[in-house]
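Enquirer: Following this message is one structure expressed as structure tokens.
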Amino acid sequence: MQTQTETPPLAALQGPPEDPKIELLGMPLKKLEDLLEGFGEKRFRAVQLAEWIYKKKSWDFESMTNLSKSLREKLKRHCRVSLLTVARRQVSRRDGTTKYLFRCPDGELVESVYLPHEGRRTACLSTQVGCAMGCRFCATGDSGFSRHLSSWEIVAQVLGIEADQGLELDNLVYMGMGEPMHNWEGTRESLATLLDPAGRGFGPRHVTVSTCGVVPGILKLAESGLGARLAVSLHAPDDATRGALMPVNDRYPLRELMGACRAYQEKTGLQLTFEYTLFAGQNDGVGDARALAALLKGLECKVNLIPYNPVAGLPHQAPDFQAVAAFQTELKRLGLSAMLRTEKGGDIDAACGQLRRRSLEAGGAAKEDGSDG
Ligand code: SF4
Numbered sequence: 030m031q032t033q034t035e036t037p038p039l040a041a042l043q044g045p046p047e048d049p050k051i052e053l054l055g056m057p058l059k060k061l062e063d064l065l066e067g068f069g070e071k072r073f074r075a076v077q078l079a080e081w082i083y084k085k086k087s088w089d090f091e092s093m094t095n096l097s098k099s100l101r102e103k104l105k106r107h108c109r110v111s112l113l114t115v116a117r118r119q120v121s122r123r124d125g126t127t128k129y130l131f132r133c134p135d136g137e138l139v140e141s142v143y144l145p146h147e148g149r150r151t152a153c154l155s156t157q158v159g160c161a162m163g164c165r166f167c168a169t170g171d172s173g174f175s176r177h178l179s180s181w182e183i184v185a186q187v188l189g190i191e192a193d194q195g196l197e198l199d200n201l202v203y204m205g206m207g208e209p210m211h212n213w214e215g216t217r218e219s220l221a222t223l224l225d226p227a228g229r230g231f232g233p234r235h236v237t238v239s240t241c242g243v244v245p246g247i248l249k250l251a252e253s254g255l256g257a258r259l260a261v262s263l264h265a266p267d268d269a270t271r272g273a274l275m276p277v278n279d280r281y282p283l284r285e286l287m288g289a290c291r292a293y294q295e296k297t298g299l300q301l302t303f304e305y306t307l308f309a310g311q312n313d314g315v316g317d318a319r320a321l322a323a324l325l326k327g328l329e330c331k332v333n334l335i336p337y338n339p340v341a342g343l344p345h346q347a348p349d350f351q352a353v354a355a356f357q358t359e360l361k362r363l364g365l366s367a368m369l370r371t372e373k374g375g376d377i378d379a380a381c382g383q384l385r386r387r388s389l390e391a392g393g394a395a396k397e398d399g400s401d402g
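In our numbering, the protein residues as written are 30 to 402.
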């Protein structure tokens with residue numbers, strides 16, 4: 030379906046009064062074209078500008094030599110390309126997993142993780158500072174919600190990791206701090222920028238958006254045409270258990286959630302991923318595995334089983350090895366693809382929200398660099 034977008038007025042694109050320049054990073058191509066047209070330029074200049082930003086990684090307008098002098102002057106006067114600074118970095122000696130704490134211009138801290146694994150270079154991105162979803166097992170949820178991240182702050186995590194690691198990422202998962210569907214605009218614009226061949230150019234099958242079950246967001250992603258994959262954090266096969274772990278289940282119970290998952294699959298034809306964290310004595314019984322298989326019947330999907338990694342101050346326990354093995358065996362016996370996800374970066378604060386929380390508690394937010402690597 031073709032959608033019509035209006036050219037936004039200049040004021041709508043400007044930043045806060047103290048810095049009214051227009052942020053170009055994370056601006057989808059269509060919006061960039063509209064902006065340049067508003068400057069009296071040809072629309073195709075937007076592709077050239079995007080190439081400088083995302084392919085040549087050059088953010089100094091003066092060096093963009095295939096743009097006219099007058100356009101470069103306009104860009105300098107009205108626009109900016111911002112990046113996030115690395116406030117802290119932890120490197121796992123076990124597997125090279127690197128956890129970043131990026132500092133935003135307003136001082137907020139954002140976590141991202143670089144995961145080198147089996148030849149793939151994956152980044153786990155945050156979409157919010159904190160999270161409003163309040164999942165009972167999560168350090169981020171426990172710390173509350175501050176604000177949404179802008180599209181540029183999401184895209185800047187990708188560029189920041191690539192610059193720090195000296196490589197190009199090939200996979201992205203929107204699975205860090207925050208609920209991507211709660212920040213749909215930031216998620217949509219950053220996806221559009223990162224997936225566009227004129228932007229960063231990630232293959233849509235290499236980008237996965239994770240949700241705790243925000244049904245309207247799943248439907249929007251399905252309708253968006255962006256082609257990104259969907260992962261749903263399920264964590265329980267019935268409403269009572271899931272509601273006790275995840276307050277979002279009260280708003281969007283399993284029946285509604287599974288309906289949205291089926292609609293997403295019908296619309297996109299893509300396989301779904303379900304994340305299932307196993308908590309000792311809560312959702313790790315063989316009966317739970319059978320209920321899960323029944324819930325997912327008819328969907329083309331795979332299940333990632335994640336033994337819980339306890340978070341200090343939260344009451345849940347890690348399951349024992351036998352329970353995890355029996356759960357996986359039962360799912361496989363019932364015909365489901367069930368992978369056991371081994372813990373990455375087990376020797377660092379790799380679980381979502383832990384590094385930020387520890388840094389805030391220790392006053393680490395004020396430090397310029399706390400590289401633990
Ligand atoms: S698990 Fe995800 S959705 Fe739930 S509180 Fe944590 S960050 Fe938010």
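All residues carry an ideal CB built from backbone N, CA and C; glycine is no exception. Model, not experiment: these values are computed from the prediction.
How about residue 275: is its Cβ closer than 8 Å to a heavy atom in the ligand SF4?
Expert: For the ligand SF4, at least one heavy atom lies less than 8 Å from the Cβ of residue 275.
Enquirer: Spell out the partners DSSP gives residue 304 in its beta bridges.
Expert: Beta-bridge pairing links residue 304 to 262, 333.
Enquirer: Just reading off the beta strand (DSSP E) that residue 153 is part of, what are its end residues?
Expert: Run containing residue 153: 149-153, per the beta strand (DSSP E) assignment.
Enquirer: The beta strand (DSSP E) with residue 239 in it runs from where to where?
Expert: That run of the beta strand (DSSP E) goes 236-240.
Enquirer: Applying the criterion that 16 or more other CB atoms from any shown protein chain within 10 Å of the CB defines a buried residue, is residue 396 buried or exposed?
Expert: Reliability fails at residue 396, whose pLDDT of 33 lies under 50, so the model's placement of it is uncertain and the value that follows must be treated cautiously. Exposed is the call here.
Enquirer: Which parts of the region 174-211 are runs of the alpha helix (DSSP H), unbroken and 4 residues or longer, counting only runs that do not cross its ends?
Expert: For the region 174-211, whole alpha helix (DSSP H) runs of length 4 or above, ordered along the chain, are 180-194.
Enquirer: Three or more C-beta pairs under 8 Å: does that hold for the region 199-207 against the region 124-131?
Expert: With the cut-off at 8 Å, the region 199-207 and the region 124-131 do not touch.
Enquirer: Return the chain-ordered list of same chain residues with a C-beta closer than 8 Å to the C-beta of residue 31, the five sequence neighbours on each side being excluded.
Expert: Summary for residue 31: the model assigns pLDDT 35, below 50, so the residue's position carries little reliability, and this model does not support an answer.
Enquirer: Assuming residue 312 contacts residue 264 under a Cβ cut-off of 8 Å, what Cβ separation, rounded to an integer in Å, is found between them?
Expert: Yes, they are in contact, since the Cβ atoms of residue 312 and residue 264 sit about 6 Å apart, within 8 Å.
Enquirer: Express the C-alpha separation of residue 341 and residue 100 in angstroms, rounding to a whole number.
Expert: If I take the Cα positions, the gap works out to 53 Å.
Enquirer: Please state if the CB of residue 152 and the CB of residue 95 are separated by a distance shorter than 9 Å.
Expert: For residue 95 and residue 152, no; Cβs fall outside 9 Å.
Enquirer: Can residue 329 be considered in contact with the ligand SF4, in the sense that its beta carbon sits closer than 8 Å to one or more heavy atoms?
Expert: No - the ligand SF4 has no heavy atom lying nearer than 8 Å to the Cβ of residue 329.
Enquirer: Applying the 10 Å Cβ sphere with the 16-neighbour rule, what's the burial state of residue 122?
Expert: Flag for residue 122 reads exposed.
Enquirer: Out of 367, 80, 331, state which residue places its alpha-carbon closest to the alpha-carbon of residue 223.
Expert: The candidate whose alpha carbon is nearest that of residue 223 is 80.
Enquirer: I'd like the list of long-range same chain contacts for residue 165, defined as Cβ closer than 6 Å, with 5 residues on each side in sequence excluded.
Expert: Contacts found: 274.
Enquirer: Taking 8 Å as the cut-off, is the C-beta of residue 208 nearer than that to any heavy atom in the ligand SF4?
Expert: At least one heavy atom of the ligand SF4 is nearer than 8 Å to the Cβ of residue 208, so yes.
Enquirer: Do residue 241 and the ligand SF4 come close, with the Cβ less than 8 Å from some heavy atom?
Expert: Checking every heavy atom of the ligand SF4 against the Cβ of residue 241, one is found closer than 8 Å.
Enquirer: What are the partner residues of residue 8, as DSSP defines its beta bridges?
Expert: The structure shown does not extend to residue 8, since the chain spans only 30 to 402, so no value can be given for it.
Enquirer: Report the option in 366, 147, 58, 181 whose CA atom is closest to the CA atom of residue 131.
Expert: Of the listed residues, the one whose Cα sits closest to residue 131 is 181.
Enquirer: Compute every distance between the C-beta of residue 162 and the non-hydrogen atoms of the ligand SF4, then say whether any falls below 8 Å.
Expert: Because some heavy atom of the ligand SF4 lies under 8 Å away, the Cβ of residue 162 counts as near it: yes.
Enquirer: Between 259, 242, 246, 196, which has its C-alpha nearest residue 233's C-alpha?
Expert: Cα-wise, what sits closest to residue 233 is 259.
Enquirer: Relative to the ligand SF4, is the shortest distance from any of its heavy atoms to the C-beta of residue 153 smaller than 8 Å?
Expert: Checking every heavy atom of the ligand SF4 against the Cβ of residue 153, none is found closer than 8 Å.
Enquirer: Taking Cβ to Cβ, would you say residue 323 is nearer than 9 Å to residue 266?
Expert: Result yes, Cβ atoms of residue 323 and residue 266 sit closer than 9 Å.
Enquirer: Could you check how far apart the C-beta atoms of residue 171 and residue 307 are, in whole angstroms? I think they sit under 8 Å.
Expert: The pair is not a contact, with the Cβ atoms about 20 Å apart (cut-off 8 Å).
Enquirer: Tell me which residues share the same chain as residue 114 and place their Cβ nearer than 6 Å to its Cβ, disregarding the 5 neighbours each side in the sequence.
Expert: Closer than 6 Å at the Cβ level, and outside the excluded window around residue 114, lie 132.
Enquirer: Give the range of the alpha helix (DSSP H) segment to which residue 140 is assigned.
Expert: It is not in any alpha helix (DSSP H) - residue 140 instead sits in the beta strand (DSSP E) that spans 138-146.
Enquirer: Would you call residue 52 buried or exposed, if buried means 16 or more other Cβ atoms sit within 10 Å of its Cβ?
Expert: Per the 10 Å Cβ criterion, buried.
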